[in-house]
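A.B. asks:
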Amino acid sequence: MDFLRPASWEEALAAKAEHPTAVPIAGGTDVMVEINFDHRRPEALLDLNRIGELREWEVGEETVRLGACVPYTRIIESLRAELPGLALAAHTVGSPQIRNRGSVGGNLGAASPAGDSHPALLAAGAEVEAVSVRGTRMIPVEEFYTGVKRNCLEADELIRAVHIRKADGPQQFSKVGTRNAMVIAVCAFGVALHPETRTVRTGIGSAAPTPIRATAAEEFLNSALEEAGLWDSGQIIPPAVARQFAELVSGAANPIDDVRGSAAYRRHALGVMARRTLGWTWEEFRGNERSARCA
Amino acid sequence: MRLTFTVNGRKQEADDVWEGESLLYVLRERMGLPGSKNACEQGECGSCTVRLDGVPVCACLVAAGQAQDREVVTVEGLADFAKQRDEGGSASGTSLDEAKRWQSKPGETGTAAQRLAPIQRAFIDAGAVQCGFCTPGLLVAADELLERNASPSDEDIREALSGNLCRCTGYEKILDAVRLAAARSEEAV
Ligand SMILES: Cc1cc2nc3c(=O)[nH]c(=O)nc-3n(C[C@H](O)[C@H](O)[C@H](O)COP(=O)(O)OP(=O)(O)OC[C@H]3O[C@@H](n4cnc5c(N)ncnc54)[C@H](O)[C@@H]3O)c2cc1C
Ligand code: FES
Ligand code: FES
Chain L
154 MDFLRPASWE EALAAKAEHP TAVPIAGGTD VMVEINFDHR RPEALLDLNR
204 IGELREWEVG EETVRLGACV PYTRIIESLR AELPGLALAA HTVGSPQIRN
254 RGSVGGNLGA ASPAGDSHPA LLAAGAEVEA VSVRGTRMIP VEEFYTGVKR
304 NCLEADELIR AVHIRKADGP QQFSKVGTRN AMVIAVCAFG VALHPETRTV
354 RTGIGSAAPT PIRATAAEEF LNSALEEAGL WDSGQIIPPA VARQFAELVS
404 GAANPIDDVR GSAAYRRHAL GVMARRTLGW TWEEFRGNER SARCA
Chain B
21 MRLTFTVNGR KQEADDVWEG ESLLYVLRER MGLPGSKNAC EQGECGSCTV
71 RLDGVPVCAC LVAAGQAQDR EVVTVEGLAD FAKQRDEGGS ASGTSLDEAK
121 RWQSKPGETG TAAQRLAPIQ RAFIDAGAVQ CGFCTPGLLV AADELLERNA
171 SPSDEDIREA LSGNLCRCTG YEKILDAVRL AAARSEEAV
């Protein structure tokens with residue numbers, strides 16, 4: 154096995170082009186488990202830890218450009234205001250030791266349907282900056298996942314950063330597991346209100362071969378909110394609308410039975426999470442509107 | 021490959037390291053530092069917790085090559101590490117020999133490595149050690165918590181130690197030990 158340790162981003166791209174089978178290693182919290190258990194014996198590891206810029210982020214006008222290797226701990230500490238959904242999701246990952254090493258770039262690289270970043274990225278709206286010596290591609294996150302633990306990266310590409318839309322309204326993330334720490338999601342749900350565009354976006358984790366948006370649920374809710382003028386009035390969402398939204402979220406899922414839970418349970422739990430998180434975000438939105446009006 | 025890094029304040033070198041090897045393996049099998057335990061090799065138990073450039077990590081999930089030129093603190097160096105932090109002072113570090121000769125005699129004599137860090141003493145005094153397998157990882161994690169947060173709430177302690185499993189104690193005495201160490205450091209100030 155080779156251990157490649159590029160000291161700069163350019164060197165990393167060159168190394169990946171020269172060794173397309175080299176496996177990038179960031180926090181190692183997925184890669185090392187596979188190597189320790191002999192599930193994987195790559196020809197080469199490509200260490201990304203020495204590239205400082207991958208651990209940095211920039212807060213722009215509309216998006217946060219989050220370096221691929223920024224550990225979850227930093228996101229929780231420093232980006233709660235800009236990326237509330239992702240910060241909530243990050244807080245549920247593994248344990249402090251795992252959050253100190255694990256990264257969104259690694260979560261995307263692994264592309265597990267149970268990865269906790271994914272529902273938050275889908276709901277907020279995000280693009281993956283995939284780079285090779287040939288150039289840069291900006292890939293909308295919903296197109297990034299192509300199958301169970303598969304993504305659309307080419308063999309010579311590395312993730313440089315993820316561009317995530319800054320929150321313009323309340324966001325929530327919810328995850329079902331057997332206890333608080335150290336659980337792989339049985340299923341997970343993220344929701345983001347976007348008052349600027351008067352839209353709601355969602356993300357579902359662990360309930361289909363890839364992370365997905367519940368697009369039919371989003372469309373239904375967007376028009377229900379519009380028709381009833383709720384963005385303006387700030388009235389509560391009628392229970393029938395919330396129920397229908399929850400059912401459509403359940404219906405969007407395509408879960409399996411496995412050791413963590415049955416397909417039927419996952420569908421049910423998703424509906425419950427959808428209804429609750431919508432309630433929480435809408436309450437927060439109404440609160441914000443009220444205080445804005447009083448000010 | 022050759023690996024050069026700092027362990028417990030001293031430069032160390034290991035040769036013929038396999039590229040897929042973990043930092044935990046290097047520490048235990050090549051440095052002769054078996055304090056960091058190997059229980060799961062998948063990040064679930066925290067018994068291999070060490071500081072990597074100050075950050076608590078599972079040594080089983082760090083590739084050996086990722087530790088190149090970086091600083092690692094293991095439970096063997098914790099007493100000296102804590103002493104330096106408390107007293108300022110220059111780094112004497114803990115040599116591999118000292119670490120290997122270490123015995124659990126909580127007396128005040130002997131080299132820095134033979135004395136105990138406050139968190140270690142608190143674990144003994146609170147009865148937080150049973151079989152002891154989880155203890156090194158918990159000590160490193162708890163010590164880092166108290167470094168960040170001198171008077172943690174119970175919630176803070178539970179959160180900071182949520183990556184460390186113990187099958188013996190039921191955790192209550194471990195929580196007691198961390199509270200005790202925090203209380204003692206407040207008295208000392
Ligand atoms: C005990 C434990 C608990 C966990 N709990 C959770 C959890 O609750 N939720 C969750 O979502 N995950 C969890 N995980 C999985 C893991 O921590 C996450 O997927 C994490 O985000 C991986 O990040 P990393 O930097 O460690 O990735 P690595 O292990 O370094 O890499 C993961 C994959 O991504 C690729 N990769 C990494 N960086 C790049 C890049 N820049 N460009 C291209 N490819 C790249 C690697 O080649 C590899 O295939 C857990 C893991 C452990 C060991
Ligand atoms: S041995 Fe590393 S976490 Fe269990
Ligand atoms: S004391 Fe035995 S595992 Fe904790």
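Chains L and B are the protein sequences, given in the same order. Just so you know, the first sequence maps onto residues 154 to 448 in the numbering used here. Just so you know, the second sequence maps onto residues 21 to 209 in the numbering used here. The beta carbon of each residue, even a glycine, is placed where N, CA and C say it ideally should be. This structure is a prediction, so every number in the text was calculated from the model and none was measured.
Which chain B residues are close to A283 (chain L), counting only those with a beta carbon under 7 Å from its beta carbon?
C.D. replies: Taking the first sequence and counting its residues from 1, the one referred to as residue 283 (chain L) is at position 130. Simply none; closest approach about 23 Å.
A.B. asks: Got a sec: which bits of the stretch 55-83 of chain B sit with their beta carbon under 7 Å from any beta carbon on chain L, in order along the chain?
C.D. replies: Cβ contacts with chain L: E61, Q62, G63, E64, G66, T69, V75, P76, V77, C78, C80, L81, V82, A83.
A.B. asks: Name the chain B residues that come within less than 9 Å of R158 (chain L), Cβ to Cβ?
C.D. replies: On the first sequence, position 5 is the one that residue 158 (chain L) refers to. Under the 9 Å cutoff, chain B gives G85, Q86, Q88.
A.B. asks: I'd like to know if the stretch 333-347 of chain L and the stretch 427-437 of chain L are in contact, where contact means that at least 3 CB-CB pairs between them fall below 8 Å.
C.D. replies: They touch, by the three-pair rule.
A.B. asks: Should I139 (chain B) be labelled buried (16 or more other beta-carbon atoms within 10 Å of its own) or exposed?
C.D. replies: The sequence position of residue 139 (chain B) within the second sequence is 119, counting from 1. Classification of I139 (chain B): buried, given that the 10 Å Cβ count is 16 or more.
A.B. asks: In the DSSP assignment, what are the bridge partners of D410 (chain L)?
C.D. replies: By 1-based counting over the first sequence, the position of residue 410 (chain L) is 257. Answer is none; D410 (chain L) lacks a bridge partner.
A.B. asks: Less than 8 Å between C-beta atoms, sequence neighbours within five positions excluded: which residues of the same chain meet that for S327 (chain L)?
C.D. replies: For this step, residue 327 (chain L) is matched to residue 174 along the first sequence. Excluding sequence neighbours, S327 (chain L) sits near A341, F342, G343, M426, R429, T430.
A.B. asks: Alpha carbon to alpha carbon, how far is R287 (chain L) from H421 (chain L)?
C.D. replies: Against the first sequence, residue 287 (chain L) aligns to sequence position 134. Against the first sequence, residue 421 (chain L) aligns to sequence position 268. Approximately 45 Å, taken between the alpha carbons.
A.B. asks: Residues of chain L with a CB under 9 Å from the CB of A180 (chain B): which are they?
C.D. replies: Stepping through the second sequence from its first residue, residue 180 (chain B) is reached at position 160. Here the neighbours are P249.
A.B. asks: Which chain L residues are close to E233 (chain B), counting only those with a beta carbon under 7 Å from its beta carbon?
C.D. replies: Residue 233 (chain B) lies beyond the residue range present for chain B, which begins at 21 and ends at 209; the question has no answer from this structure.
A.B. asks: Taking Cβ-Cβ distances below 8 Å as the criterion, which residues of the stretch 32-46 of chain B are in contact with chain L?
C.D. replies: Within the stretch 32-46 of chain B, the qualifying residues are W38, E39, G40, S42.
A.B. asks: Does ligand 3 have even one heavy atom less than 8 Å from the beta-carbon of T69 (chain B)?
C.D. replies: If you number the second sequence from 1, residue 69 (chain B) lands on position 49. No; taking the cut-off as 8 Å, the Cβ of T69 (chain B) has no heavy atom of ligand 3 nearer than that.
A.B. asks: Could you pull the start and end residues of the alpha helix (DSSP H) that I204 (chain L) belongs to?
C.D. replies: If you number the first sequence from 1, residue 204 (chain L) lands on position 51. Looking at the DSSP string, I204 (chain L) is not in any alpha helix (DSSP H), and its letter there is neither H nor E.
A.B. asks: Hey, would you say F25 (chain B) sits closer than 9 Å to D89 (chain B), going by beta carbons?
C.D. replies: Along the second sequence, one-based indexing puts residue 25 (chain B) at 5. Along the second sequence, one-based indexing puts residue 89 (chain B) at 69. Yes. Within cutoff.
A.B. asks: If you follow the alpha helix (DSSP H) that M291 (chain L) is part of, which residue opens it and which one closes it?
C.D. replies: Taking the first sequence and counting its residues from 1, the one referred to as residue 291 (chain L) is at position 138. Counting along the chain, M291 (chain L) falls outside any alpha helix (DSSP H), though it belongs to the beta strand (DSSP E) covering 288-293.
A.B. asks: Tell me whether Q86 (chain B) sits in a helix, a strand or coil according to DSSP, three-state version.
C.D. replies: Locating residue 86 (chain B) in the second sequence gives position 66, counting from the first residue. It is helical.
A.B. asks: Here's the rule: buried if 16 or more other CB atoms are within 10 angstroms of the residue's CB, otherwise exposed. What is F398 (chain L)?
C.D. replies: Working through the first sequence from its first residue, we reach residue 398 (chain L) at position 245. By the 10 Å Cβ count, F398 (chain L) comes out buried.
A.B. asks: With distance defined between alpha-carbon atoms, name the residue in L:I357, L:L383, L:E442 nearest to Y298 (chain L).
C.D. replies: Reading the first sequence from its first residue, position 145 is the one you call residue 298 (chain L). Cα-wise, what sits closest to Y298 (chain L) is L:I357.
A.B. asks: Please output, in chain order, the residues near ligand 1 using a CB cut-off of less than 5 Å to any non-hydrogen atom of the ligand.
C.D. replies: Any residue whose Cβ sits closer than 5 Å to a heavy atom of ligand 1 makes the list: L:V176, L:P177, L:I178, L:A179, L:G180, L:G181, L:T182, L:D183, L:V184, L:A221, L:V246, L:G247, L:I251, L:G255, L:S256, L:G258, L:G259, L:N260, L:G262, L:A263, L:G268, L:D269, L:L311, L:I312, B:G63, B:E64.
A.B. asks: Please classify Q123 (chain B) as buried or exposed, where buried requires at least 16 other C-beta atoms within 10 Å of its C-beta.
C.D. replies: Your numbering for residue 123 (chain B) matches position 103 in the second sequence. Per the 10 Å Cβ criterion, exposed.
A.B. asks: Measuring CA to CA, which of L:S256, L:R354, L:A361, L:I317 is closest to S376 (chain L)?
C.D. replies: In the first sequence, counting from the first residue as 1, residue 376 (chain L) sits at position 223. That would be L:R354, whose Cα lies nearest to the Cα of S376 (chain L).
A.B. asks: Any idea if M291 (chain L) is buried or exposed, counting beta-carbon neighbours within 10 angstroms, 16 or more meaning buried?
C.D. replies: Here residue 291 (chain L) is taken as the residue at index 138 of the first sequence, counted from 1. So M291 (chain L) ends up on the exposed side.
A.B. asks: Looking at the secondary structure, which residues open and close the alpha helix (DSSP H) in which R218 (chain L) lies?
C.D. replies: Position 65 of the first sequence, counting from 1, holds the residue named residue 218 (chain L). Where R218 (chain L) is concerned, there is no enclosing alpha helix (DSSP H), although the beta strand (DSSP E) it sits in stretches over 216-220.
A.B. asks: Please report the straight-line C-alpha distance between G432 (chain L) and M51 (chain B), rounded to a whole angstrom.
C.D. replies: Indexing the first sequence from 1 puts residue 432 (chain L) at position 279. Indexing the second sequence from 1 puts residue 51 (chain B) at position 31. The alpha-carbon atoms of G432 (chain L) and M51 (chain B) are separated by roughly 55 Å.
A.B. asks: Taking only beta carbons into account, state which residues of the stretch 160-189 of chain L come closer than 7 Å to chain B, listed in chain order.
C.D. replies: The stretch 160-189 of chain L vs chain B, Cβ under 7 Å: I178, G181, T182, M185, V186, I188, N189.
A.B. asks: For A334 (chain L) and S182 (chain B), which I take to be in contact (beta-carbon distance under 8 Å), what is that distance rounded to the nearest angstrom?
C.D. replies: As a position in the first sequence, residue 334 (chain L) is number 181, starting the count at 1. As a position in the second sequence, residue 182 (chain B) is number 162, starting the count at 1. At roughly 4 Å, the Cβ-Cβ gap stays under 8 Å, so A334 (chain L) and S182 (chain B) are in contact.
A.B. asks: How should G382 (chain L) be labelled, buried or exposed, when 16 other C-beta atoms within 10 angstroms of its C-beta is the threshold for buried?
C.D. replies: Position 229 of the first sequence, counting from 1, holds the residue named residue 382 (chain L). Its Cβ having fewer than 16 others within 10 Å, G382 (chain L) is exposed.
A.B. asks: Give the range of the alpha helix (DSSP H) segment to which D321 (chain L) is assigned.
C.D. replies: Translated into the one-based positions of the first sequence, residue 321 (chain L) becomes position 168. Careful: D321 (chain L) lies outside any alpha helix (DSSP H) and carries neither H nor E.
A.B. asks: At least one CB of chain L closer than 9 Å to the CB of M21 (chain B): is that the case?
C.D. replies: Taking the first residue of the second sequence as 1, we reach residue 21 (chain B) at position 1. Yes, contact with chain L.
A.B. asks: Just curious, the beta strand (DSSP E) that Q32 (chain B) is in, first and last residue?
C.D. replies: One-based indexing of the second sequence puts residue 32 (chain B) at position 12. That run of the beta strand (DSSP E) goes 30-34.
A.B. asks: Buried or exposed: which applies to K31 (chain B), given that a residue is buried once 16 or more other Cβ atoms fall within 10 Å of its Cβ?
C.D. replies: Position 11 of the second sequence, counting from 1, holds the residue named residue 31 (chain B). The residue in question, K31 (chain B), is exposed, as its Cβ has fewer than 16 Cβ neighbours within 10 Å.
A.B. asks: For the structure I just gave you, are there three or more beta carbon pairs, one from the stretch 308-317 of chain L and one from the stretch 388-405 of chain L, closer than 8 Å?
C.D. replies: Counting Cβ pairs under 8 Å, fewer than three are found: no touch.
A.B. asks: If contacts are defined as beta-carbon pairs under 8 Å, then A165 (chain L) and L198 (chain L) qualify, I think. What distance do you get, rounded to the angstrom?
C.D. replies: Counting from 1 along the first sequence, the entry for residue 165 (chain L) is found at position 12. Counting from 1 along the first sequence, the entry for residue 198 (chain L) is found at position 45. That belief does not hold up - the Cβ atoms of A165 (chain L) and L198 (chain L) are roughly 12 Å apart, past 8 Å.
A.B. asks: Are three or more beta carbon pairs between the stretch 165-185 of chain L and the stretch 270-282 of chain L nearer than 8 Å?
C.D. replies: Result no; under three Cβ-Cβ pairs closer than 8 Å.
A.B. asks: Measuring only the C-alpha atoms, how far is L232 (chain L) from W210 (chain L)?
C.D. replies: Mapped onto the first sequence, residue 232 (chain L) falls at position 79. Mapped onto the first sequence, residue 210 (chain L) falls at position 57. Roughly 9 Å separates the two Cα atoms.
A.B. asks: Cβ closer than 7 Å: which chain B residues qualify as neighbours of L374 (chain L)?
C.D. replies: Reading the first sequence from its first residue, position 221 is the one you call residue 374 (chain L). Near L374 (chain L) there are no residues of chain B at all, since even the closest Cβ is about 34 Å away, more than 7 Å.
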